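S.K.:
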């Protein structure tokens with residue numbers, strides 16, 4: 014769930030709806046999110062990737078499903 018207008022974080026939940034953690038945008042070499050609004054999981058790859066798009070900057074950051082930064 015993207016909280017683009019509040020904390021500006023992306024919150025992660027498990028299959029049963031339990032809170033797993035949050036991504037702030039400052040993991041690894043990533044920069045803090047300005048306004049994360051679009052969230053997409055690409056399941057087509059052997060290791061699925063989480064794409065987080067920001068409304069204001071037009072930037073997309075890519076994470077693994079554990080919340081580790083991969084690339085921007």
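Numbering (my numbering), first residue to last: 14 to 85. All C-beta atoms in this analysis are idealised placements derived from N, C-alpha and C, irrespective of residue type, glycine included. Since the structure is predicted, the reported quantities are computational estimates derived from the model, not experimental observations.
For residue 26, which of 45, 85, 84, 79 has the nearest alpha-carbon?
M.R.: Translated into the one-based positions of the chain shown, residue 26 becomes position 13. Of the candidates 45, 85, 84, 79, the one whose C-alpha sits nearest the C-alpha of residue 26 is 79.
S.K.: Which one or two residues does DSSP pair with residue 54 in a beta bridge?
M.R.: Here the question's residue 54 lines up with position 41 in the chain shown. Under DSSP, residue 54 forms a beta bridge with 63.
S.K.: What do you get for residue 56, buried or exposed, if any count of 16 or more other CB atoms within 10 angstroms of its CB means buried?
M.R.: Here residue 56 is taken as the residue at index 43 of the chain shown, counted from 1. With fewer than 16 other Cβ atoms within 10 Å, it is exposed.
S.K.: Taking residue 54 as the reference, which of 21, 32, 74, 31 has the closest Cα?
M.R.: Working through the chain shown from its first residue, we reach residue 54 at position 41. Checked all of 21, 32, 74, 31; the closest Cα to residue 54 is 74.
S.K.: Could you tell me which of 62, 47, 23 sits nearest to residue 33, measuring between CA atoms?
M.R.: What you label residue 33 is simply residue 20 of the chain shown in a count that begins at 1. Checking every option, the nearest Cα to that of residue 33 belongs to 23.
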